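Novice:
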Amino acid sequence: MIEIEGLTKRFGPVTAVADLSLSVGKGEVLGFLGPNGAGKSTTMKMITGYLTPTSGRISICGHDVETDQISAQSQIGYLPEGAPAYGDMTARQFLHFIAGVRGFRGDGANAAVAKVVAKTELAPVLDRPIETLSKGFKRRVGLAQAILHDPPVLIMDEPTDGLDPNQKHSVRALLKAMAPQKAIIVSTHLLEEVEAVCTRAVIIDRGSIVADGKPSELLARSRYHNAVTMTLPAGKAAAAAAKLKLLPNAMTLEQSAPDNGLVQITVFPKAGALLVEDVSTLAVREQWDVKELYAEAGRLDEVFRAITTHDTARARASAA
Amino acid sequence: MSQVWQIFKREFAAYFATPLAYVFIVIFLFAMGAFTFYIGRFYDNGVADLGVFFSYHPWLYLFLVPAIAMRLWAEESRTGTIELLLTLPVPLWETVVGKFLAAWAFTAVALALTFPIWITVNYLGHPDNGVIVAGYIGSLLMAGGYLAIGSCLSATTNNQVIAFVVTVVVCFLFTISGAPLVLDFFRAWAPQVLIDAVSSFSFITHFSAITAGVLDLRDLIFFLSLIALFLTANVAILDLRKSG
């Protein structure tokens, strides 16, 4: 439903997006990740027709964004960064304005607004000026205008930014409920959000895609993937570490500083190997008095950092 | 075209959602009255027409109309709503025209509220109401010209103050381009054709022709084509901004 081919955007000498190609189908929720300034927002602005690409093509449900922009835009619901809205309008007036522009008239408009108000739980603030609303409600107004016409394509720039945990949860639940019928792109800084709602994660860095896969596949790239972490009394740590190192599947081992008389040891497996059974058997046999023992799925933030900071690290190394 | 109406409705309502509309209308009416009665000595003239009243319109519009026009696009850029507005499925020109028409309709409301002065002259004497109607039409057209310039310049910046100042300067040049101050500058070196061209851009020349009671097609075309020109430039500027 979203087809992007060789998308490039230059602002003067700066290349914000470099030859980016991407295809998002129905039922996919694509988490768009990357450091600040990586080109996430710029890409979204081009998809929605707010910015014109320097080169490359974007098509939305078969409509080219450049040559058939109005048709493409009518298929898109867009929540720009910061959820801008006309502050002096009430939420009701604002949603009716959007409904009117989206082609709803009379009863149709009332029904569409009522439906979206119920979905985003806006009823209590419907007749208050938007500028007087809390951040959470403002964001929900932005969300409401984006999904009002039930678009097949949703583009959301940091939809949960600045929301409290309850609000985040309800926004994510809403996205999940809509996901099967739509193609959704969500940009975010929150890695837990990717694990919670996304079926696919794309990491971009300096305008190019550096990773693309299911969140579980990205997790598998983490060095913590299948590692085993255990907590045990400091007194037994040295002996345990020595034994753990000898396990046939263990590769390396990390040990934390003692805290409250307890030490955390993480054992990393050799490629493709599983450790948790070996470690737990060993722990029971040696009576290490283990307080905690778990296998790690992987850490997305660590993958994110490994992928997006290597250039900075290299630059620093070459400077030194 | 139906989208123009949707944009128009929202924009027009926005004027009345804040004190802006009321403040503007009060200042507008007060200034009109002050100029007409005190500076123009309306009663002392002893003539039952609105010539004096209309003669101050170009100068009042010079400052009041840019105050309306400055927010048209600069405000949208500052608050970020421009991103929302320009990603809605509305052709760019319809958005520009809808917003412009809303601002124009608002000035029309302000202008219409000067009707007591029209009643006054009819009470005091027997004015030529045809001339007065022509005057109002001319005044509205001129306000449209100032607004189109202001809308276009407002799209170049996200700072309303800059939009205001630049608009006043450009409008000033259009207002007085028929005056010796400007023409003498060109006379020294420019061919007569250019001097005539510059002089023909003068709002005052065209406006006073209309208020004299002669609703010449050329004066109408002048204002309407000026509006079209600046709105086209407005669309082009917004399009250019999309390219970054």
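Quick note, the sequences are listed as chains A and B, same order. For the first sequence, the numbering used here assigns the number 155 to the initial residue and increments by one for each residue that follows. For the second sequence, the numbering used here assigns the number 33 to the initial residue and increments by one for each residue that follows. C-beta: ideal position from N, C-alpha, C; glycine also. Note that the coordinates shown come from a computational prediction; the quantities given were computed from them, not determined experimentally.
Over the uninterrupted alpha helix (DSSP H) stretch that includes residue 159 of chain A, give me the two end residues.
Specialist: Here residue 159 of chain A belongs to no alpha helix (DSSP H); instead the beta strand (DSSP E) covers 156–165.
Novice: Straight-line CA distance for residue 190 of chain A to residue 360 of chain A?
Specialist: Residue 190 of chain A and residue 360 of chain A: Cα-Cα distance of roughly 9 Å.
Novice: Give me the residue from B:175, B:128, B:167, B:51 with the minimum Cα distance to residue 95 of chain B.
Specialist: Considering only alpha carbons, the answer is B:175.
Novice: Do you know offhand how far residue 186 of chain A's Cα is from residue 425 of chain A's?
Specialist: Cα to Cα, the separation comes out at about 28 Å.
Novice: Which residues in chain C have a C-beta closer than 9 Å to the C-beta of residue 340 of chain A? List them in chain order.
Specialist: In the structure shown, chain C does not exist; the protein chains are A and B.
Novice: Cβ closer than 7 Å: which chain A residues qualify as neighbours of residue 42 of chain B?
Specialist: Near residue 42 of chain B (Cβ distances below 7 Å), the residues of chain A are 251.
Novice: Which bits of chain A does residue 118 of chain B rub up against, with CB to CB less than 8 Å?
Specialist: The contacting residues are 203, 204.
Novice: Kindly provide the ranges of any alpha helix (DSSP H) runs that are 4 or more residues long and lie completely inside the region 190–273 of chain A, ordered along the chain.
Specialist: The region 190–273 of chain A contains these whole alpha helix (DSSP H) runs: 194–201, 223–228, 245–255.
Novice: Buried or exposed: which applies to residue 439 of chain A, given that a residue is buried once 16 or more other Cβ atoms fall within 10 Å of its Cβ?
Specialist: Under this definition residue 439 of chain A is an exposed residue.
Novice: In chain B, which residues lie with their C-beta within 8 Å of the C-beta of residue 224 of chain A?
Specialist: Neighbours of residue 224 of chain A on chain B, chain order: 121, 122, 123.
Novice: Whole angstroms is fine: what's the gap from residue 124 of chain B's alpha carbon to residue 358 of chain A's?
Specialist: Taking the straight line joining both Cα atoms gives about 31 Å.
Novice: Determine, for residue 459 of chain A, whether the minimum Cβ-Cβ distance to residues of chain B falls below 9 Å.
Specialist: Judged by the 9 Å Cβ criterion, residue 459 of chain A is not in contact with chain B.
Novice: Hey, could you find the ends of the alpha helix (DSSP H) residue 384 of chain A is sitting in?
Specialist: That residue, residue 384 of chain A, is in no alpha helix (DSSP H); its beta strand (DSSP E) goes 382–387.
Novice: So who's on the other strand from residue 3 of chain B, going by DSSP bridges?
Specialist: Nothing in the structure corresponds to residue 3 of chain B, since chain B is present only between 33 and 276.
Novice: Among residues of its own chain, excluding the 5 on either side of residue 51 of chain B, which ones have a beta-carbon nearer than 7 Å to its beta-carbon?
Specialist: Excluding sequence neighbours, residue 51 of chain B sits near nothing in its chain.
Novice: In angstroms with no decimal places, state the Cα-to-Cα distance between residue 312 of chain B and residue 287 of chain A.
Specialist: Residue 312 of chain B is absent from the structure shown; chain B starts at 33 and stops at 276.
Novice: Please report how far the alpha carbon of residue 44 of chain B lies from the alpha carbon of residue 349 of chain A, in whole angstroms.
Specialist: Their backbone Cα atoms lie some 45 Å apart in a straight line.
Novice: Please say whether residue 115 of chain B and residue 238 of chain A have beta carbons closer to each other than 9 Å?
Specialist: Yes. Within cutoff.
Novice: So within the region 336–370 of chain A, which uninterrupted beta strand (DSSP E) runs reach at least 3 residues, ignoring any that extend past its ends?
Specialist: Those beta strand (DSSP E) runs which fall completely within the region 336–370 of chain A and span 3+ residues are 337–341, 354–359, 362–367.
Novice: Which runs of the beta strand (DSSP E), 3 residues or longer, sit entirely within the region 429–456 of chain A?
Specialist: List check, beta strand (DSSP E) in window: 446–449.
Novice: Quick one, which of A:195, A:367, A:225 has its alpha-carbon nearest residue 207 of chain A's?
Specialist: Among A:195, A:367, A:225, the Cα nearest to that of residue 207 of chain A belongs to A:195.
Novice: For residue 191 of chain B and residue 102 of chain B, what's the separation of their Cα atoms in angstroms?
Specialist: For residue 191 of chain B and residue 102 of chain B, the distance between alpha carbons rounds to 9 Å.
Novice: Is it buried or exposed, residue 335 of chain A, if we count other Cβ atoms within 10 angstroms and call 16 or more buried?
Specialist: By the neighbour-count rule (16 or more Cβ atoms within 10 Å), residue 335 of chain A is not buried but exposed.
Novice: Below 8 Å, can you find three or more Cβ-Cβ pairs linking the region 262–277 of chain A to the region 224–237 of chain A?
Specialist: Judged by Cβ distances under 8 Å, the region 262–277 of chain A makes no contact with the region 224–237 of chain A, as fewer than three pairs qualify.
Novice: At least one CB of chain B closer than 9 Å to the CB of residue 164 of chain A: is that the case?
Specialist: Closer than 9 Å: yes.
Novice: Any idea if residue 217 of chain B is buried or exposed, counting beta-carbon neighbours within 10 angstroms, 16 or more meaning buried?
Specialist: With fewer than 16 other Cβ atoms within 10 Å, it is exposed.
Novice: Is there a C-beta anywhere in chain B that falls below 9 Å from the one on residue 209 of chain A?
Specialist: So no, residue 209 of chain A is outside the interface.
Novice: Could you spell out the range, first to last residue, of the alpha helix (DSSP H) harbouring residue 174 of chain A?
Specialist: From DSSP, residue 174 of chain A is part of no alpha helix (DSSP H) but of the beta strand (DSSP E) over 168–178.
Novice: Return the chain-ordered list of same chain residues with a C-beta closer than 6 Å to the C-beta of residue 223 of chain A, the five sequence neighbours on each side being excluded.
Specialist: 203, listed in sequence order.
Novice: Taking the alpha carbon of residue 104 of chain B as the point to measure from, which residue in B:260, B:93, B:127, B:90 has its own alpha carbon closest?
Specialist: Taking only the C-alpha atoms, the option nearest residue 104 of chain B is B:127.
Novice: Please list the residues of the region 42–65 of chain B that have a C-beta atom closer than 9 Å to any C-beta atom in chain A, keeping them in chain order.
Specialist: Per Cβ criterion, the list reads 42, 45, 46, 49, 50.
Novice: Between residue 203 of chain B and residue 181 of chain B, is the Cβ-Cβ spacing less than 9 Å?
Specialist: Contact: yes.
Novice: Taking the alpha carbon of residue 430 of chain A as the reference point, which residue from A:221, A:351, A:295, A:447 has its own alpha carbon closest?
Specialist: It is A:447.
Novice: Going by the CB atoms, is the gap between residue 370 of chain A and residue 450 of chain A shorter than 9 Å?
Specialist: No. Outside cutoff.
Novice: Just mark residue 75 of chain B as buried or exposed, buried being the case when its beta carbon has 16 or more other beta carbons within 10 Å.
Specialist: Label assigned to residue 75 of chain B: exposed.
Novice: Taking contact to mean 3 or more Cβ pairs, one atom from each stretch, closer than 8 Å, check whether the region 324–342 of chain A and the region 301–309 of chain A are in contact.
Specialist: Yes, the region 324–342 of chain A touches the region 301–309 of chain A.
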